[in-house]
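Structure, as structure tokens:
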């Protein structure tokens, strides 16, 4: 697994990791383990295949749609297709080498 750049910032809420263009931002690095890094590497792969900016646009649009659907911020977040793929495979450290491009598409939930 490649080394990740992890930047500490007080702007990030506790126990949150934000992946911006493949760089991980967090308030405190102590809770970030190999599984969190793997989860974020899955997001980095998703970002690269969508050329970064479209990833963020789709992510926000889907989050808004899920927020209207679930009426709960956390449930909306957990049901974003990108998150569903990353959470399903975050503990499988052998997932990324065998992951097919655009795998997140099969995690889209149609109501």
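In the working numbering, the protein residues as written are 5 to 115.
Where is the CB? At the ideal position from N, CA and C, for every residue including glycine.
Where residue i sits in the DSSP three-state scheme
i           : result
residue 117 : Here the chain has residues from 5 to 115 only, and residue 117 is not among them.
residue 27  : strand
residue 36  : coil
residue 187 : Since the first residue of the chain shown is 5 and the last is 115, residue 187 is not available in this structure.
residue 114 : coil
Neighbour flag for residue i against chain B, beta carbons, 9 Å
i          : result
residue 32 : The chain inventory of the structure shown lacks chain B, comprising one protein chain alone.
Span separating the alpha-carbon of residue i from that of residue j
i           : j           : result
residue 75  : residue 68  : 10 Å
residue 86  : residue 58  : 13 Å
residue 80  : residue 113 : 11 Å
residue 92  : residue 83  : 11 Å
residue 77  : residue 102 : 32 Å
residue 25  : residue 110 : 23 Å
residue 104 : residue 89  : 12 Å
Sequence-distant residues of the same chain with beta carbon closer than 7 Å to residue i, five excluded per side
i          : result
residue 39 : 94, 95
Contact set for residue i: own chain, Cβ-Cβ below 6 Å, skip 5 residues either direction
i          : result
residue 42 : 94, 97
residue 99 : 93
Classification of residue i by the beta-carbon crowding that lies within 10 angstroms, buried from 16 upward
i           : result
residue 27  : exposed
residue 20  : exposed
residue 50  : buried
residue 108 : buried
Residues near residue i by beta carbon distance below 8 Å, same chain, minus five either side
i          : result
residue 63 : 84, 86
Entirely within the region 53-108 and at least 4 residues each: give me those alpha helix (DSSP H) ranges in chain order. 57-74, 77-82, 85-93, 99-102
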